[in-house]
Structures are given as C-alpha cells and as structure tokens.
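Numbered per my numbering, the sequence shown spans residues 6 to 144. Step one of this worksheet: look at the structure below.
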Amino acid sequence: MTVAELMRTDVVTVTPETPVTDVATTIRDENVGSAVVVEANRPIGIVTDRDIAIRIAADNLDPTQMTAGDMMTEDPTTVDVDAGIMDLCRAMSDAGVRRMPVVEGSELAGIVSLDDLTVLLATEMGNLSRVIEAESPPY
C-alpha cells in the first residue's frame, strides 16, 4: 500500500498571512488538528491546534497580532505520494510528528495523520485475528 491510498486529499490550508485567530477558527470548524501553510500549493509550514494553544498561552502572546507564518513550524517533513506505509511510519517517527503533509513533486497532494495510521493498523489487525481464529481449533 502506498501513502496515496491512505492520505486525505481535503487538506486544510492557509497562507503565511492568515491571522492565527482565523487559523484556529478554521481548524475548529473543519474538525482537524492542523492547517498546512502553503505558498503556490507548496507546503512551507504547518500549524497545529497544540501550537496555537500552547505557544500562545505559554508565551503570553496576543493571537490577534499573529499570523500563521509567525506560528508555523517551518519546512515540515513531508512524504511522497508513492512512498510505502512503512516509509511513512519511519518518517513520522524520525521527525516526531503526528501529521505529515504528502507531496507529489513539491506540491501538496494530501495529508496523513497518526489517527489514519491507527485506523489502518487496527483494521489490518482485525483481519489477521479473523484468519487466526478461522485456522484455530475450537475451544
């Protein structure tokens, strides 16, 4: 399976100039955990709900004076659409991230989250358990 088969293509995106208050509203309204910051459809950063909550509160910042560009994690680690799931897992682990933009070339094609991987793995474990159960003697 490739990342293209798992990724979500309805990525919430913002520009570096988007006010943080608008980013937070969009993340809430879209019920997602992040927004990818793009320029010319290229991911240049990512802002998570945790970034907004923790960074603003911890540093006592005024969110009405900040933009996505001020808040974003720059140069997010990305994965190619053709990468395998194990490559994705390794990249997410190495980068220590829960969400990873997916690119085709240098353009944003989708996003994959830890939740997406968890659902996939749980489904596959369920499939494996049914095979084991079918091949096991009755108890």
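Cβ coordinates follow ideal geometry from the N, Cα and C atoms, glycine included. Quantities reported herein were computed from a predicted structural model and do not represent experimental measurements.
Non-local C-beta neighbours of Asp87 in its own chain, meaning closer than 6 Å and more than five positions away in sequence, comprise Thr7, ordered along the chain. The three-state reading of DSSP puts Met76 in helix, counting H, G and I together.
Counted as a single uninterrupted DSSP element, the alpha helix (DSSP H) harbouring Met91 occupies residues 90–100.
Of all alpha-carbon atoms in Arg104, Thr78, Asp99, Asp120, the one lying nearest the alpha-carbon of Arg60 is that of Thr78.
Note on geometry: alpha-carbon atoms of Met76 and Asp99 lie some 22 Å from one another. Boundaries cannot be given for Thr82, as no beta strand (DSSP E) includes it and DSSP labels it neither H nor E. For a cut-off of 8 Å, the C-beta gap from Val43 to Thr18 is around 5 Å, short enough to register as a contact. Excluding residues up to 5 positions away in sequence, Val86, Asp87, Val107, Ala114, Gly115 lie with their Cβ nearer than 8 Å to the Cβ of Ala9 in the same chain.
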